Amino acid sequence: MDDLKLLSELRADAPEPDADRLRALRARSLRPRRRFRPVLSLPMVTTAAMTAVAAIAAVVVVVNDDGRSVASPPAIVEVTPVSAQVMLRQAALTAEKRRPEDTPPRPDQWLYRKSVVMQPADGAVEIQEYWTRYDGTEQATRLGSGPMERRTVEPDPDDDDLSPRQYAARLAKLPTDPDELLAHVKGDLHWRDKPVEERGLHEHPDARAFRVLSLYLGQEEYMPPKLEAAIFRALARIPGVRVDLGVRDAVGRSGMGIAYEADSPGSGTRRDENGEVVERSYVVLDSTTYNHLGSRTEYLRNYLINGEVAFQKGSVFATAEVAAGVVDEPGQLP
Numbered sequence: 185m186d187d188l189k190l191l192s193e194l195r196a197d198a199p200e201p202d203a204d205r206l207r208a209l210r211a212r213s214l215r216p217r218r219r220f221r222p223v224l225s226l227p228m229v230t231t232a233a234m235t236a237v238a239a240i241a242a243v244v245v246v247v248n249d250d251g252r253s254v255a256s257p258p259a260i261v262e263v264t265p266v267s268a269q270v271m272l273r274q275a276a277l278t279a280e281k282r283r284p285e286d287t288p289p290r291p292d293q294w295l296y297r298k299s300v301v302m303q304p305a306d307g308a309v310e311i312q313e314y315w316t317r318y319d320g321t322e323q324a325t326r327l328g329s330g331p332m333e334r335r336t337v338e339p340d341p342d343d344d345d346l347s348p349r350q351y352a353a354r355l356a357k358l359p360t361d362p363d364e365l366l367a368h369v370k371g372d373l374h375w376r377d378k379p380v381e382e383r384g385l386h387e388h389p390d391a392r393a394f395r396v397l398s399l400y401l402g403q404e405e406y407m408p409p410k411l412e413a414a415i416f417r418a419l420a421r422i423p424g425v426r427v428d429l430g431v432r433d434a435v436g437r438s439g440m441g442i443a444y445e446a447d448s449p450g451s452g453t454r455r456d457e458n459g460e461v462v463e464r465s466y467v468v469l470d471s472t473t474y475n476h477l478g479s480r481t482e483y484l485r486n487y488l489i490n491g492e493v494a495f496q497k498g499s500v501f502a503t504a505e506v507a508a509g510v511v512d513e514p515g516q517l518p
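Residues in the sequence shown are numbered from 185 upward in steps of one, following our numbering.
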């Protein structure tokens with residue numbers, strides 16, 4: 185399926201990040217993302233609050249000279265703030281009712297994931313597919329309609345990434361009491377924010393907790409229901425966590441956005457010298473099932489790099505998880 189066809193079927197409408205950060209983000213987007221759930225469908229609008237959200241205008245999709253799809257114009261849309269504690273408690277209750285996984289994948293099987301990424305600078309849209317062997321020894325990628333590239337993954341002691349099997353083992357050991365989980369992630373040095381540390385900055389424990397819990401929600405491996413419920417309850421205990429309804433992913437699906445409002449290095453939300461939010465990043469969940477849909481970062485002011493405007497006010501970067509599953513060989517689809 186090419187970019188234009190997928191976008192027309194899924195209603196694209198959105199876009200996240202910066203130049204130094206944009207290069208880093210595009211590099212990260214080629215690494216396996218952490219979470220595989222069944223294929224995601226368009227969420228149903230079921231609450232009065234959702235009906236009050238302003239509708240997004242239809243997106244016109246064109247093609248650049250280099251053949252990349254572009255959605256025009258990316259836009260920040262009106263959202264509905266709701267109680268973070270109420271929504272996250274409801275998410276926890278829903279997560280607890282999920283059915284436990286029967287059998288994990290074999291070490292020689294592959295986790296498949298398909299996502300849509302929309303960039304903020306020009307609205308370029310890219311379809312990304314990944315096959316990651318469960319034991320972590322190989323990975324294959326395909327960007328857009330290009331060829332599939334397969335590579336061997338060499339162990340890197342300085343890399344905090346884990347194989348899917350290692351990640352599953354790590355998740356299985358995490359506490360399911362929300363207070364214990366929160367204390368654990370605040371001090372979990374495995375997921376250090378190295379770019380922040382390299383700039384001589386200190387990441388606040390609450391910011392680290394939000395970042396690590398968000399990482400868990402977006403991981404590719406099976407999430408035990410009790411742990412997922414504990415993650416939502418732990419997020420509800422972090423001061424400054426915000427929840428909005430009507431936040432859209434890269435293909436226009438409207439869901440529940442979770443953001444950390446404090447201005448802290450690595451948190452994703454930035455404020456200017458007057459305390460005004462200039463950039464806000466969301467984890468986007470289905471507002472009914474609370475399954476992970478994608479991410480979204482909004483630029484509420486012009487974003488400057490070396491005094492020049494990198495992203496204009498109103499620019500958006502977004503991702504969307506659109507398919508996932510377990511297959512026996514790279515190139516196969518679930």
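Just so you know, even glycine gets a beta-carbon here, dropped at the ideal spot from N, CA and C.
This one's a predicted model, so the numbers in the text were calculated from it and none came from an experiment.
Between which two residues does the alpha helix (DSSP H) carrying proline 389 extend? Where proline 389 is concerned, the enclosing alpha helix (DSSP H) stretches over 389-401.
Given a cut-off of 8 Å, decide if valine 500 and proline 359 are closer than it, judged by their beta-carbon atoms. No; because the gap between Cβ atoms is not below 8 Å, this pair is not in contact.
Is arginine 354 close to the ligand MG? I mean its beta-carbon at under 7 Å from any heavy atom of the ligand. As far as ligands go, the structure on display features none, and thus does not contain the ligand MG.
Give a yes or no on whether the C-beta atoms belonging to glycine 436 and serine 471 are separated by under 8 Å. Judged by their CB atoms, glycine 436 and serine 471 are not nearer to each other than the 8 Å cut-off.
Have a look at Arg335, Glu405 and Leu429 and flag the residue whose alpha-carbon is nearest the alpha-carbon of threonine 287. Looking from the CA of threonine 287, the closest CA among Arg335, Glu405 and Leu429 belongs to Glu405.
Just to confirm the assignment, what range does the alpha helix (DSSP H) spanning alanine 494 have? Premise fails: alanine 494 lies in the beta strand (DSSP E), 492-495, not in any alpha helix (DSSP H).
Are there 16 or more other CB atoms within 10 angstroms of the CB of glutamate 505, so buried, or fewer, so exposed? The residue is buried, with at least 16 neighbouring Cβ atoms inside 10 Å.
Suppose contacts are defined by Cβ-Cβ distances below 8 Å. Is valine 160 in contact with threonine 481 by that definition? Outside the displayed range of the chain (185 to 518) lies residue 160, so it cannot be described from this structure.
Rounded to whole angstroms, what is the Cα-Cα separation between alanine 508 and leucine 488? Straight-line Cα distance between these residues: approximately 36 Å.
Closest to arginine 282 by C-alpha separation, out of Val468, Asn475, Arg326 and Leu365, would be which residue? Ranked by Cα distance from arginine 282, the first of Val468, Asn475, Arg326 and Leu365 is Asn475.
Spatial distance of arginine 297 from valine 309 (CA atoms): When rounded, the separation of the alpha-carbon atoms in arginine 297 and valine 309 is 17 Å.
Could you tell me if leucine 517 is buried or exposed, where buried requires 16 or more neighbouring beta carbons within 10 angstroms of its beta carbon? That one is exposed.
Threonine 316 by DSSP, collapsed to three states: which one? Of the three classes helix, strand and coil, the one that applies to threonine 316 here is strand, per DSSP.
8 Å contact criterion, which alanine 279 and alanine 418 should meet: CB distance rounded: Not quite, the Cβ-Cβ distance comes to about 12 Å (not below 8 Å), so this is no contact.
Please report the straight-line C-alpha distance between glutamine 293 and arginine 317, rounded to a whole angstrom. So the alpha carbons of these two residues sit roughly 6 Å apart.
Looking at the secondary structure, which residues open and close the alpha helix (DSSP H) in which tyrosine 474 lies? Segment: none, tyrosine 474 is in no alpha helix (DSSP H) and carries neither H nor E.
How is proline 348 classed by DSSP in three states: helix, strand or coil? The answer is helix: DSSP assigns proline 348 an H, G or I state.
Considering only the beta carbon of each residue, do leucine 477 and threonine 264 sit closer than 8 Å? No, they are not a contact pair.
Through-space distance from glycine 330 to glycine 424, alpha-carbon basis: Approximately 42 Å, taken between the alpha carbons.
Tell me which residue opens and which closes the beta strand (DSSP E) that glutamine 274 is part of. Careful: glutamine 274 lies outside any beta strand (DSSP E), inside the alpha helix (DSSP H) at 268-280.
For arginine 335 and leucine 295, the rounded distance between their alpha carbons: One C-alpha to the other measures close to 15 Å.
Can you give me the start and stop residues for the alpha helix (DSSP H) that leucine 413 sits inside? Note that residue 413 is alanine in the sequence shown here, rather than leucine. Note, alanine 413: alpha helix (DSSP H), 409-420.
Measuring only the C-alpha atoms, how far is leucine 327 from valine 510? Each residue's alpha carbon lies about 19 Å from the other.
Can you pull the DSSP bridge partners for tryptophan 294? DSSP, once it has assigned bridges, lists Arg317 and Val511 as partnering tryptophan 294.
Could you check whether arginine 454 and valine 467 sit closer than 8 Å to each other, using their CB atoms as the reference points? No, the pair does not count as a contact, with Cβ atoms beyond the cut-off.
Please list, in chain order, all residues of the same chain as glycine 441 whose beta carbon is under 6 Å from its beta carbon, the five residues on each side excluded. Taken in chain order, the residues that qualify are Asp428, Val431, Tyr466 and Val468.
CA-to-CA distance, glutamate 492 to glutamate 322, given in whole angstroms: C-alpha separation (whole angstroms): 40 Å.
Simplified DSSP state of valine 369, which is helix, strand or coil: In the three-state DSSP reduction, valine 369 falls in the helix class (H, G or I).
Are phenylalanine 416 and alanine 276 closer than 8 Å when you measure CB to CB? Going by C-beta atoms, phenylalanine 416 is nearer than 8 Å to alanine 276.
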